[in-house]
Amino acid sequence: MVPLIIPIFLSAIGCRERCLFCNQKAAAEGLPSPSSVRNFIEASLAEIPYNKKNRKKQVAFYGGSFTAIPRDDQASYLKEIQPFLASGLIDSIRISTRPDALDEETLSLLKEYGVKTVEVGVQSMVDEVLFLSKRGHCAEDTVSATSRLKRRGFELGLQLMIGLPGDTCDRFLQTLDRVIELKPDFIRIHPTLVLKGAPLENLWREGRYSPLQLEEAVQWLKRGILRLENSSIPVARIGLQPTQELERDFLAGPYHPSFRQLVDSAIFFDMAVSLLRVSQKNGQALFFCHPKEVSNLRGQKNENIMRLKEHFKLSKILIDGKPELPRGYLGLQTQGEEVSIRRKSLVL
Ligand code: SF4
């Protein structure tokens, strides 16, 4: 089961330059000090609801590049977690960082303090995209850092972005192919948004950057997700978590609070189309799927159903949710025949 995360946000910590898309502020006065971490964890543990007390708990240092700060400072933060690890109140530690700040000595320090999971901000495996986004590292840095992390036994998460300057759907799929070879334990994918205060805002205002449209981002991600699923790599999250800061700073780009559902609905739409194309129709269709996927088949506001009706001239579409069916399966009955498809076999 996914651990319960106790997040400690160290905004822009360790960042040398500002990445083009980032509006995190390096606010030293707002940064939690190592000594405040202990109180924060105690307060967070006390707030965990009774029905979640038995879940594994992981302290996560998010924001910025944890391993790009001086080693003594890293150690100061990590030391504060040690009593919780020793008492079993916390099960593990996670940090997020950049690929060019993960040398052997740094990994030794993380091991020494019991860090289990390292999330690496990869963003793209195309050097031109990384350069245009002012990331300050190249794809090879990711390859070498991830091989060290795997060799030293860390759980490895990779964060990717789509729609950065210079990015295309083909480049995103190339990135995925290279990332799949690195065998991460999980992946997160965020569409690039224009945020207030990020350097990208100026480019966008000057007309030199256009974010992806929402539908375009869904189409890229649909192909990407299927590729990852066929490689059995879990996708921990698609799209940014809706927060007050995001609502406040969002200017443009493919933002949706339920991005994952949009992508799953797009996949189910394609599955339904491929079944309807090969079946006999008499103006009606009866689909079968797992009950938890009925909403994916319907799409947001029943959009999939309306589009399917119109495209295939159907007067009625019924959906039967059957708990015995596996997730990712879609069956269709028309005029006495039944056809089915698995999302893994969808060819895009
Ligand atoms: S994206 Fe990460 S590494 Fe880049 S400036 Fe923002 S916090 Fe720093």
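Taking the working numbering, the leading residue of the sequence shown gets 126, the next gets one more, and so forth. By construction, the Cβ of each residue, glycine as well, lies at the ideal position given by its N, Cα and C atoms.
- According to the DSSP assignment, methionine 431 belongs to no beta strand (DSSP E) but to the alpha helix (DSSP H) extending over 428-437.
- The bridge partners DSSP lists for glycine 291 come to none.
- Rounded to whole angstroms, the separation of the alpha carbons of glutamate 280 and aspartate 310 is 6 angstroms.
- Setting aside the 5 residues that flank it on each side, leucine 232 is surrounded in the same chain by Arg273, Leu274, Arg277 and Phe279, each with a C-beta closer than 8 angstroms to its C-beta; the list follows chain order.
- For the pair of segments examined, the segment 397-411 was found not to touch the segment 361-378: the number of CB pairs separated by less than 8 angstroms stays below three.
- Using a Cβ distance threshold of 8 angstroms, tyrosine 187 and phenylalanine 134 count as a contacting pair.
- Assignment of isoleucine 130 by DSSP, reduced to helix, strand and coil, places it in the strand class.
- Proximity to isoleucine 130 across Leu371, Thr242 and Leu328 peaks at Thr242, based on C-alpha coordinates.
- Distance from the CA atom of proline 290 to the CA atom of valine 254, rounded to whole angstroms, is 6 angstroms.
- The residues Leu135, Ser136 and Ile138, in chain order, have a CB closer than 8 angstroms to that of leucine 156 in the same chain once the five nearest residues on each side in sequence are set aside.
- The C-alpha of glycine 189 is placed about 20 angstroms away from the C-alpha of arginine 163.
- In terms of Cβ geometry, alanine 410 and leucine 439 form a close pair [threshold 8 angstroms].
- If you look at glutamate 230, you'll find it isn't in any beta strand (DSSP E); it sits in the alpha helix (DSSP H) that goes 229-237.
- At least 8 angstroms separates the beta-carbon of proline 367 from that of proline 416.
- Non-local beta-carbon contacts of asparagine 355 in its own chain, meaning distances under 8 angstroms to residues more than five positions away in sequence, involve Lys469 in chain order.
- Here the C-alpha atom of serine 258 lies approximately 19 angstroms from the C-alpha atom of tryptophan 345.
- Each of Gln460, Glu230, Gly322 and His436 was checked against the Cα of phenylalanine 146, and the nearest Cα belongs to Gly322.
- Excluding five sequence positions before and after alanine 264, the CB atoms of its chain that fall closer than 6 angstroms to its own CB belong to Met250 and Asp252, given in chain order.
- With 16 or more other CB atoms across the displayed protein chains lying within 10 angstroms of its CB, arginine 260 is buried.
- Using a Cβ distance threshold of 8 angstroms, isoleucine 466 and leucine 371 do not count as a contacting pair.
- Not one heavy atom of the ligand SF4 is found less than 7 angstroms from the C-beta of alanine 264.
- In the displayed model, lysine 241 falls within a strand according to three-state DSSP.
- With respect to tyrosine 380, leucine 318 sits close: the two C-beta atoms are nearer than 8 angstroms.
- Measuring C-alpha to C-alpha distances from cysteine 140 to each of Ala226, Ala200, Pro382 and Ser169 identifies Ala226 as the nearest.
- Annotated three-state conformation of valine 472 is coil, per DSSP.
- In terms of side-chain proximity, the C-beta atom of cysteine 147 is found nearer than 7 angstroms to a non-hydrogen atom of the ligand SF4.
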